[in-house]
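Residue numbers (the UniProt record's numbering): 1 to 269.
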């Protein structure tokens with residue numbers, strides 16, 4: 001007897017789920033997304049090596065690729081390019097000052113300028129402290145060394161000197177470094193009043209001024225500058241939902257699905 005070909009007569013195990021069909025353009029979108037992550041990572045490596053022209057060209061390539069993905073990705077690429085320009089403006093004066101100091105290593109003014117520029121451009125007090133030598137006066141050596149040691153300074157006079165120095169550095173800085181310097185100045189000024197050994201009125205007046213400047217910096221949006229990366233992945237556990245594609249971390253601070261995942265990738269920021 002011939003088998004009944006009707007659907008109702010088919011066995012349940014004969015049913016086969018339909019293979020998922022790729023959406024039009026999905027493969028190209030995924031390739032461009034992966035390329036964008038690679039370009040971001042390459043641009044950051046070039047910037048770390050201070051290969052500014054190459055890094056800028058890589059960022060421009062990233063923008064061209066990002067524009068094919070979405071307006072949000074294009075804006076992210078522009079953010080990288082702006083951050084690159086800011087970083088270049090901060091680091092080039094440091095390189096120039098270092099070259100001048102290399103030509104005259106015993107010049108205390110050149111060494112002090114390199115120390116100041118290192119702090120203003122990078123906010124790295126430890127790197128600044130490595131530049132200290134005997135050519136500097138005692139007061140400068142003490143200020144830089146204390147600042148690099150942290151915020152737990154207990155001498156009132158030292159704290160007030162640190163507060164004034166940080167405020168002077170903040171006058172030459174911008175963005176997030178400016179805010180950090182102002183906050184450190186405010187902390188040292190508070191410490192000077194707490195530990196004593198200084199005239200109260202001038203220190204209190206300086207503290208009030210610093211609080212106003214810090215408030216203004218916060219309100220102007222300098223709490224976090226555009227282009228500053230936050231390592232969100234190390235700050236919170238990320239648990240995939242059931243049946244989701246596997247996700248992995250990339251060098252560009254991004255999330256992307258491992259090969260075979262069908263979902264599009266995401267990035268922080």
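Glycine included, C-beta positions come from ideal geometry on N, C-alpha and C.
Kindly indicate the opening and closing residues of the alpha helix (DSSP H) around residue i.
i	result
residue 92	71-103
residue 58	52-67
residue 149	138-149
residue 192	175-195
residue 122	108-122
residue 131	Unbroken run through residue 131: none, as it is neither H nor E.
residue 152	From DSSP, residue 152 is part of no alpha helix (DSSP H); its letter is neither H nor E.
residue 34	26-48
Are there 16 or more other CB atoms within 10 angstroms of the CB of residue i, so buried, or fewer, so exposed?
i	result
residue 205	exposed
residue 200	exposed
residue 145	exposed
residue 234	With a pLDDT of 41 at residue 234, under the threshold of 50, the modelled position of this residue cannot be trusted; read the value that follows with caution. By the 10 Å Cβ count, residue 234 comes out exposed.
residue 216	exposed
residue 44	buried
residue 73	buried
residue 184	buried
residue 31	exposed
residue 104	exposed
residue 213	buried
residue 128	buried
Restricting to Cα atoms, I'd like to know which of the options is closest to residue i.
i	options	result
residue 46	64, 74 and 84	84
residue 192	163, 169 and 215	163
residue 117	31, 51 and 174	174
residue 39	48, 27, 55 and 202	55
residue 97	121, 80 and 77	121
residue 126	100, 42 and 150	150
residue 169	136, 114, 81 and 78	114
residue 108	141, 188, 60 and 33	141
residue 51	95, 73, 189 and 31	95
residue 119	166, 76, 153 and 160	166
residue 101	87, 133, 207 and 213	133
residue 53	79, 71 and 87	87
residue 189	57, 152 and 106	152
residue 106	89, 131 and 93	131
residue 348	57, 129 and 128	With the chain represented from 1 up to 269, any question about residue 348 goes unanswered, as that position is not in the structure.
Do residue i and residue j have their CB atoms nearer than 8 angstroms?
i	j	result
residue 91	residue 62	no
residue 157	residue 197	yes
residue 123	residue 65	no
residue 110	residue 69	no
residue 160	residue 203	yes
residue 182	residue 143	no
residue 187	residue 155	no
residue 41	residue 59	no
residue 172	residue 136	no
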